[in-house]
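Asker: Sharing a structure, written as structure tokens. Questions coming.
There are 2 protein chains.
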Amino acid sequence: MCQLLGMNCNTPTDIVFSFSGFATRSTEHGDGFGIAFYEGRGVRLFVDHQAARVSPVADLIKHYPIKSRHAIAHIRKATQGVVALENCHPFMRELWGRHWVFAHNGNLVDYHPRLHGSFQPVGDTDSERAFCWLMQELAKSHASMPPVAELTLTLKELVPQIARHGTFNFMLSQGDALWTHCATHLHYLVRRHPFGLAQLQDQDMALNFAEHTEPGDRVAVIATQPLTTNEPWVTMQPGELLAFVGGEPIGVSAVG
Amino acid sequence: MCQLLGMNCNTPTDIVFSFSGFATRSTEHGDGFGIAFYEGRGVRLFVDHQAARVSPVADLIKHYPIKSRHAIAHIRKATQGVVALENCHPFMRELWGRHWVFAHNGNLVDYHPRLHGSFQPVGDTDSERAFCWLMQELAKSHASMPPVAELTLTLKELVPQIARHGTFNFMLSQGDALWTHCATHLHYLVRRHPFGLAQLQDQDMALNFAEHTEPGDRVAVIATQPLTTNEPWVTMQPGELLAFVGGEPIGVSAVG
Numbered sequence: 001m002c003q004l005l006g007m008n009c010n011t012p013t014d015i016v017f018s019f020s021g022f023a024t025r026s027t028e029h030g031d032g033f034g035i036a037f038y039e040g041r042g043v044r045l046f047v048d049h050q051a052a053r054v055s056p057v058a059d060l061i062k063h064y065p066i067k068s069r070h071a072i073a074h075i076r077k078a079t080q081g082v083v084a085l086e087n088c089h090p091f092m093r094e095l096w097g098r099h100w101v102f103a104h105n106g107n108l109v110d111y112h113p114r115l116h117g118s119f120q121p122v123g124d125t126d127s128e129r130a131f132c133w134l135m136q137e138l139a140k141s142h143a144s145m146p147p148v149a150e151l152t153l154t155l156k157e158l159v160p161q162i163a164r165h166g167t168f169n170f171m172l173s174q175g176d177a178l179w180t181h182c183a184t185h186l187h188y189l190v191r192r193h194p195f196g197l198a199q200l201q202d203q204d205m206a207l208n209f210a211e212h213t214e215p216g217d218r219v220a221v222i223a224t225q226p227l228t229t230n231e232p233w234v235t236m237q238p239g240e241l242l243a244f245v246g247g248e249p250i251g252v253s254a255v256g
Numbered sequence: 001m002c003q004l005l006g007m008n009c010n011t012p013t014d015i016v017f018s019f020s021g022f023a024t025r026s027t028e029h030g031d032g033f034g035i036a037f038y039e040g041r042g043v044r045l046f047v048d049h050q051a052a053r054v055s056p057v058a059d060l061i062k063h064y065p066i067k068s069r070h071a072i073a074h075i076r077k078a079t080q081g082v083v084a085l086e087n088c089h090p091f092m093r094e095l096w097g098r099h100w101v102f103a104h105n106g107n108l109v110d111y112h113p114r115l116h117g118s119f120q121p122v123g124d125t126d127s128e129r130a131f132c133w134l135m136q137e138l139a140k141s142h143a144s145m146p147p148v149a150e151l152t153l154t155l156k157e158l159v160p161q162i163a164r165h166g167t168f169n170f171m172l173s174q175g176d177a178l179w180t181h182c183a184t185h186l187h188y189l190v191r192r193h194p195f196g197l198a199q200l201q202d203q204d205m206a207l208n209f210a211e212h213t214e215p216g217d218r219v220a221v222i223a224t225q226p227l228t229t230n231e232p233w234v235t236m237q238p239g240e241l242l243a244f245v246g247g248e249p250i251g252v253s254a255v256g
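Residue numbers (full-length UniProt numbering), protein chains in the order written: chain A, 1 to 256; chain B, 1 to 256.
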């Protein structure tokens, strides 16, 4: 199984700390990795067929603090599709003049949706097929970009049609919101004032966020498994879809 | 004006040497840079709003030999559009299940084509509008991916319709061929057996390709201005469109 990491903030924030812990997990997930950062409407997408633990590209990300309001990362353990660059998540497509980024953890069995629109897979994974189908159906549902709340309603109709084919944990963003869907394992945490010390689970590294933040900052971190040992991670429920905006899930009270 | 660099090879080759010389030119072209590498159907796309001369991302590329058969790089001097990540070339879109990559040097005046299809600009440059229009018209001209020769014919019909709006030097690839169009300045060079010493124009750096190649290797390098001082660069003519495949322009005898 792959692992997912997402970040959504109300102010551009770097993901160096969380990514450092996350990248350590690639010992068991060594078939490539990828990470996408939004900067306004622009996206930086880094993918590598090497494990995040050893990749020079991952090394750059651990040392170059790219400040972003939405980031999605993925480390891959191949279940379907060969180990090749075109099968590395996140995937990206343009719709309504915005870049959409998608990463999936899980396995969709015999999933071959009818892709009759403008979105065709480049690689040969179930994940990219699911993304192309989502983009196709979103394009059919709205003539131009609707507000986040409306997109969330459309996704709530579409996602179960994919999820019944297998395990469908995913993260999706278009630069305004970050949607996460839990099928089996997904956890999130909202960091806000008063900030404190966070201790990484995967390596001996701690960071006092009080020294790196302003009182108004709010950062949501979403991951397959909790990344820190001393913070109140919330377990998402199977079938739950959340839209994160400005560093917290919409319509759900955030944890302090 | 921006500058373009392209590479097309018959065997995966790294672009470290050419990019090192090219990146030096960002002193005068300091509004961001980008480079795309094909690995099979997969693409690595690196963009940065910082000049290639100082960017940590450019530094990675100068030291991480990514082997590719098609690469397109661009350093930007903003003429239209703000300095922002979404305006950095190369741009990328998917069509017929392939990633297409495009970079432009020049300026299209009052160019606002009718974009009624599935390709909408994310940023606000004339260049991305031209790319979206090209993708839209290619999608209308062919139901699925045609052979390179047929695509070249279609491009020869489409490109003049954009070129009459201003200066339209560009590079385009979908991972099988690399097309270059010259409006004002574009030069190319084919390196093949017997390989020799190449001396960079922009910095005191030389490389003996005989030590790094096999006799069957063939590499075409295309750039706004010649990158080396002692090799037989060919000047492209205004209005000329070439398709490079396997390290040489199709239908044109390569230079030794």
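Glycine residues also receive a C-beta, built at the ideal position from the N, C-alpha and C atoms.
Among the residues of its own chain, which have a CB less than 7 Å from the CB of A/Ile61, if the five just before and after it don't count?
Answerer: Once the five neighbours on either side are set aside, the close Cβ partners of A/Ile61 are Phe19, Ile35 and Phe46.
Asker: Looking at the structure shown, is B/Arg76 part of a helix, part of a strand, or coil, going by DSSP?
Answerer: In this structure, B/Arg76 counts as coil in the three-state DSSP scheme.
Asker: Pick out the complete beta strand (DSSP E) segments inside the region 213-247 of chain B, 3 residues or longer, and give them in chain order.
Answerer: Those beta strand (DSSP E) runs which fall completely within the region 213-247 of chain B and span 3+ residues are 218-223 and 241-245.
Asker: Taking only three categories from DSSP, how would you classify A/Pro160?
Answerer: Of the three classes helix, strand and coil, the one that applies to A/Pro160 here is helix, per DSSP.
Asker: Taking the beta strand (DSSP E) that A/Ile35 belongs to, which residues open and close that run?
Answerer: Segment Phe33 to Glu39, the beta strand (DSSP E) holding A/Ile35.
Asker: Can you tell me where the alpha helix (DSSP H) with A/Ser127 in it begins and where it stops?
Answerer: Unbroken alpha helix (DSSP H) run through A/Ser127: Asp126 to Ser141.
Asker: Would you give the residue range spanned by the beta strand (DSSP E) that A/Val54 belongs to?
Answerer: Note, A/Val54: premise wrong, no beta strand (DSSP E); not H, not E.
Asker: Report yes or no: do the region 159-173 of chain B and the region 91-102 of chain B share at least 3 C-beta pairs separated by less than 8 Å?
Answerer: Contact between the region 159-173 of chain B and the region 91-102 of chain B is present, because at least three Cβ pairs lie under 8 Å.
Asker: Is B/Leu197 buried or exposed, if buried means 16 or more other CB atoms sit within 10 Å of its CB?
Answerer: B/Leu197 comes out exposed.
Asker: Using a Cβ-Cβ distance cut-off of 8 Å, determine whether B/Val159 contacts chain D.
Answerer: Absent here is chain D; the protein component of the structure consists of chains A and B.
Asker: Going by beta-carbon coordinates alone, are A/Gln203 and A/Thr229 separated by less than 8 Å?
Answerer: Against a cut-off of 8 Å, the Cβ pair of A/Thr229 and A/Gln203 comes out as no contact.
Asker: Report the residue from A/Ser141, A/Arg114 and A/Gly123 whose alpha carbon sits nearest the alpha carbon of A/Trp133.
Answerer: When each option's Cα is compared against that of A/Trp133, the closest is A/Arg114.
Asker: So does the region 230-242 of chain B actually touch the region 182-191 of chain B, counting three or more Cβ pairs closer than 8 Å?
Answerer: Yes, the region 230-242 of chain B touches the region 182-191 of chain B.
Asker: For B/Phe91, which residues from the same chain have a beta carbon less than 6 Å from its beta carbon, with the 5 sequence-adjacent residues on both sides left out?
Answerer: So the list reads Phe102, Glu128 and Phe131, once near-sequence residues are dropped.
Asker: Using a Cβ-Cβ distance cut-off of 8 Å, determine whether B/Cys2 contacts chain A.
Answerer: No, B/Cys2 does not count as interfacial toward chain A.
Asker: Which residues, in order along the region 119-147 of chain B, keep a beta-carbon less than 8 Å from a beta-carbon of chain A?
Answerer: Hits within the stretch, in order: Phe119, Gln120, Pro121, Val122, Gly123 and Ala139.
Asker: For the putative contact between B/Arg218 and B/Val245, defined by C-beta atoms under 8 Å, what is the C-beta separation to the nearest angstrom?
Answerer: With a Cβ gap of about 10 Å, B/Arg218 and B/Val245 do not count as contacting.
Asker: With a Cβ-Cβ cutoff of 8 Å, do B/Gly32 and B/Gln50 count as a contact?
Answerer: A contact, by the Cβ cut-off of 8 Å.
Asker: Of all the CB atoms in chain B, is at least one closer than 8 Å to the CB of residue 320 of chain A?
Answerer: Beyond the ends of chain A as shown, which are 1 and 256, falls residue 320 of chain A; an answer cannot be given.
Asker: Since B/Arg53 contacts B/Thr79 with CB under 8 Å, what's their CB separation in whole angstroms?
Answerer: The pair is not a contact, with the Cβ atoms about 20 Å apart (cut-off 8 Å).
Asker: Output needed for A/Ser55: all residues of its chain with C-beta closer than 7 Å, excluding positions within five of it in sequence on either side, in chain order.
Answerer: The answer, listed in chain order, is Phe33 and Asp48.
Asker: Grab the span of the alpha helix (DSSP H) containing residue 258 of chain B for me, first residue to last.
Answerer: Any property of residue 258 of chain B remains undetermined from this structure, which presents chain B solely from 1 to 256.
Asker: Go to B/Tyr188, then tell me how far its beta strand (DSSP E) extends in each direction, as first and last residue.
Answerer: Taken as a continuous stretch (DSSP letters only), the beta strand (DSSP E) holding B/Tyr188 covers His187 to Arg192.
Asker: Among the residues of its own chain, which have a CB less than 8 Å from the CB of B/Asp110, if the five just before and after it don't count?
Answerer: If we look at B/Asp110 and ignore the five residues flanking it on each side, its Cβ neighbours are His165.
Asker: Below 8 Å on the Cβ atoms is my guess for A/Trp96 versus A/Met145; work out the distance and round it to an integer in Å.
Answerer: About 4 Å; that satisfies the 8 Å criterion.
Asker: Taking the C-alpha atoms as reference points, what is the distance between B/Ser253 and B/Val234?
Answerer: Per-residue confidence for B/Ser253 stands at a pLDDT of 35, beneath the threshold of 50, marking its modelled position as unreliable; the derived number appears in the next sentence. About 11 Å.
Asker: For A/Thr154 and B/Glu248, I'd like the C-alpha separation in whole angstroms.
Answerer: Using only the alpha carbons, I get a separation of about 49 Å.
Asker: In whole angstroms, what separates the C-alpha of B/Glu86 from that of B/Met205?
Answerer: Near 33 Å, if we compare the C-alpha coordinates of B/Met205 and B/Glu86.
Asker: Using DSSP with H/G/I as helix, E/B as strand and the rest coil, what is A/Leu115?
Answerer: If DSSP states are grouped into helix, strand and coil, A/Leu115 belongs with coil.
Asker: Taking all protein chains shown into account, do 16 or more other C-beta atoms lie within 10 angstroms of the C-beta of B/Asn208, making it buried, or fewer, making it exposed?
Answerer: Its Cβ having fewer than 16 others within 10 Å, B/Asn208 is exposed.
Asker: Mind checking if A/Ala194 is an interface residue toward chain B, Cβ cutoff 8 Å exclusive?
Answerer: One detail in the question is off: residue 194 of chain A reads as Pro in this sequence, not Ala. Not closer than 8 Å to any Cβ of chain B, the Cβ of A/Pro194 fails to qualify, so no.
Asker: Along chain B, which residues have their Cβ under 8 Å away from the Cβ of A/Cys88?
Answerer: Correct list: Gly42.
Asker: Output needed for A/Lys156: all residues of its chain with C-beta closer than 7 Å, excluding positions within five of it in sequence on either side, in chain order.
Answerer: Only Leu241 meet the Cβ criterion.
Asker: How many angstroms separate the CA atom of A/Arg69 from the CA atom of B/Phe168?
Answerer: Cα-Cα distance, rounded: 35 Å.
Asker: Between which residues of its own chain and A/His187 is the CB-CB distance below 8 Å, once the five residues before and five after are set aside?
Answerer: Excluding sequence neighbours, A/His187 sits near Ile222, Ala223, Thr224, Gln225, Pro226, Trp233, Val234, Thr235 and Met236.
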